[in-house]
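For what it's worth, UniProt numbering labels the leading residue of the sequence shown as 1, then goes sequentially.
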Amino acid sequence: MGPSGAGKSTLAAVLMGFLGYEGSVRLNGVELAEASGDGIRERIGMLSQRSHVFGTTIAENVMLGRQGVTDAEIWRALAAAQLDESVRHMPGGLDAEVGPLGMTLSGGESQRLALARILLDPPPLLILDEPTEHLDAATAQAIEGTIRRGTSDSTRLTITHRLRGIGAVDRVVVLRDGCIEADGPCRELESAKGWFAGQLRLERDESEMASLIASLPVGVAVSRMHTSGTAAFRQG
Numbered sequence: 001m002g003p004s005g006a007g008k009s010t011l012a013a014v015l016m017g018f019l020g021y022e023g024s025v026r027l028n029g030v031e032l033a034e035a036s037g038d039g040i041r042e043r044i045g046m047l048s049q050r051s052h053v054f055g056t057t058i059a060e061n062v063m064l065g066r067q068g069v070t071d072a073e074i075w076r077a078l079a080a081a082q083l084d085e086s087v088r089h090m091p092g093g094l095d096a097e098v099g100p101l102g103m104t105l106s107g108g109e110s111q112r113l114a115l116a117r118i119l120l121d122p123p124p125l126l127i128l129d130e131p132t133e134h135l136d137a138a139t140a141q142a143i144e145g146t147i148r149r150g151t152s153d154s155t156r157l158t159i160t161h162r163l164r165g166i167g168a169v170d171r172v173v174v175l176r177d178g179c180i181e182a183d184g185p186c187r188e189l190e191s192a193k194g195w196f197a198g199q200l201r202l203e204r205d206e207s208e209m210a211s212l213i214a215s216l217p218v219g220v221a222v223s224r225m226h227t228s229g230t231a232a233f234r235q236g
């Protein structure tokens with residue numbers, strides 16, 4: 001994790017074989033540059049905030065060129081992604097066309113379709129590059145739960161600049177300006193100085209402020225003074 005521009009998504013692109021690199025990057029002891037592109041993508045999957053949906057059918061989006069996949073397997077993947085009921089109501093079902101760039105689907109449905117593609121055959125390593133960033137809170141929480149349940153046997157590398165749910169991870173690596181600033185268990189980084197501890201305090205303050213605002217009587221207006229970090233209240 002780390003602030004915007006720290007190099008998190010660039011690292012993901014390197015791991016997926018989309019970008020070249022200098023130095024050494026190893027996966028299970030194998031130099032990444034020595035692996036074929038197809039070999040990398042057989043071992044690594046990625047779900048990002050803009051996962052691509054192809055202008056073809058639901059089934060073909062899930063299969064993504066895989067051979068020998070049955071309709072039953074596709075339905076299981078859709079069910080795991082909690083998209084099966086929506087697809088059953090579409091004209092054509094699995095053969096329903098999603099339109100260019102998935103324009104007939106909502107943002108949540110597009111992400112679930114991309115997730116079903118992953119869940120059809122979960123890879124050993126799954127990179128999650130803020131896949132719920134542009135979704136509403138309820139949809140984001142549901143998709144995050146689906147990912148945890150459906151990829152329990154995979155190693156998950158989660159890329160984020162937010163600390164929501166960070167306590168559930170085994171290890172945190174903080175990137176700043178393309179370099180590793182901190183690396184270790186969440187509790188260890190909480191007590192250390194640096195970006196992580198500062199961000200943790202900031203998000204806790206914002207959460208406490210949101211709880212305070214929610215507890216105010218109806219008719220009280222709140223304005224946030226960003227320069228001082230304080231809040232001013234006035235009776236409306």
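Quick reminder that beta carbons are idealized off the backbone N, C-alpha and C, glycines included.
Note that this is a predicted model, so its numbers are computed, not measured.
In the DSSP assignment, Ile159 forms a beta bridge with Asp129. The bridge partners DSSP lists for Asp183 are Val173. Glu203 and Val169 have their C-alpha atoms some 18 Å from each other. Taken in chain order, the complete beta strand (DSSP E) segments of 3 residues or longer contained in the region 43-115 are 44-48. In this structure, Leu19 sits away from Ala12, with a CB-CB distance that is not shorter than 7 Å. Per DSSP, the unbroken alpha helix (DSSP H) holding Lys8 starts and ends at 8-15. For Gly150, the enclosing alpha helix (DSSP H) begins and ends at 137-150. Per DSSP, reduced to three states, the secondary structure at Glu22 is coil, with no helix or strand assignment.
Residue pairing from DSSP places Glu31 in a beta bridge opposite Arg26. Arg88 and Ala96 have their C-alpha atoms spaced approximately 10 Å apart. In the three-state DSSP reduction, Asp38 falls in the helix class (H, G or I). Distance from the CA of Ala197 to the CA of Ser191, rounded to the nearest whole angstrom, comes to 7 Å.
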